[in-house]
Ligand code: BMA
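Residue numbers (my numbering): 65 to 377.
Here's what the structure looks like:
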C-alpha cells in the first residue's frame, strides 16, 4: 500500500490550480480539441508541442510558448501537419498524434504516431528551431504507438520504448538501434498486470528520466471497465545499464481521473501524459491530456516520486 494522501486524498501528483492549462478556446483557429503535449525546454523558453484535433477529426501539432511552463500562448499557425505528398502521406492520411520530445546528442527529436488507413506507426522527426520539423523516418510497422527515445545511448546503442499490440493486449517494449533508423533486439519490459489499474494496456508516457537509482518511467495504464477504459498514470524504475530490467513498479497510480475536466470530454476518464519538465531543484511539471479535450499540468518533485511513488514495498 502506498502511504501518500494528497488533494483528493488519493493522488500523489498535485493538480495545478489553473487547470485546464490549454483548451480549444486558446487555439487561435477553430479546432475540436487540444491534448497530449510534450515540453521542449530551451534557455529562452518552455515550449509545448501540442496535439490538436482539427474539426475534421485529424490531428496535427502546434507550438505553445511559455516562460513559466504554466501559461502558454499558442502560435497562429500549426507547426507540423500530416504530410500530403511523398512517402509519408500514405501513412499520415488520418493524422499525426502524441508527440514525445527527447533531446539526444544536442538534437531535438520528436517521436510521434503516424495514423493512416493501414493503422498506427511510429515516426521520427527532428527540429532545430521548434517551428520547422524534418521527418527522418517511419520506424515501425502498423499496430504500434507510444514511441519514446531515451535521452542518451546505452552501451553504444540508441534505445526506445514503444507499444505494439499483440493478442489485443498492449505492453511496453524496448528496442535498440545503431543509427535511429534500424531497430531490433526487441523485448517486452512492462506488461499489464491482471486485476490492477493497468490490467488492460500500458504505454510509455514521459521520456525516461535518469536518476542515480535507475531510469524513472512515467507511464500510462488502462483498465477496461463495462463503461469503457480508464487511463491513469503510474511509475516504473528500470536498470540504468539494462533498461529492459524492471527494478520496481508502483502498485498504485500517481494520478487518476477525478476532476470534471478529466472525467468529461471527447474520451472520458483520461489522464495521459506526454512529457515532463524537471527544474534544477527536482521540481517537476507533468503535462497531461485530460479527457482528450484539454492539456493539464500536475506538479511534484523527483524526490517525492522516488520516495512515495513506489509505496512501502
Ligand atoms: C491512446 C492514444 C492517446 C489518447 C488515449 C486516450 O491510445 O490514442 O492519444 O489520448 O488513447 O483516448
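Heads up, the beta-carbon is just placed ideally off N, CA and C, and yes, glycines get one too. Owing to the predicted nature of the structure, the values given are computational and were not obtained by experimental measurement.
Reduced DSSP category for residue i - H, G, I as helix; E, B as strand; rest coil
i           : result
residue 326 : helix
residue 367 : helix
residue 308 : coil
residue 316 : coil
residue 155 : helix
residue 85  : coil
residue 90  : helix
residue 66  : Bear in mind that a pLDDT of 47 at residue 66, under 50, signals an unreliable position, so the model cannot answer this.
residue 372 : helix
residue 73  : coil
residue 137 : strand
residue 336 : strand
residue 331 : coil
Contact test: residue i Cβ vs the ligand BMA heavy atom, cutoff 6 angstroms
i           : result
residue 334 : yes
residue 343 : no
residue 331 : yes
residue 156 : no
residue 162 : yes
residue 353 : yes
residue 356 : yes
Pairwise C-alpha distance: residue j and residue i
i           : j           : result
residue 127 : residue 334 : 22 angstroms
residue 65  : residue 89  : Because the pLDDT of residue 65 is 44, which lies under 50, any placement of that residue in the model is unreliable, and the number read from its coordinates should be weighed accordingly. Approximately 40 angstroms between the Cα atoms of the pair.
residue 277 : residue 181 : 42 angstroms
residue 209 : residue 257 : 20 angstroms
residue 285 : residue 355 : 14 angstroms
residue 112 : residue 222 : 24 angstroms
residue 174 : residue 141 : 19 angstroms
residue 231 : residue 344 : 43 angstroms
residue 225 : residue 235 : 10 angstroms
residue 214 : residue 271 : 6 angstroms
* Asked: In chain order, which continuous runs of the beta strand (DSSP E) of length 3 or greater are located wholly inside the region 197 to 253?
  -> 197 to 202, 208 to 213, 222 to 230, 236 to 241
* Asked: Which whole runs of the beta strand (DSSP E) in the region 247 to 298 are 3 residues long or more, in chain order?
  -> 248 to 254, 265 to 268, 273 to 275, 278 to 289
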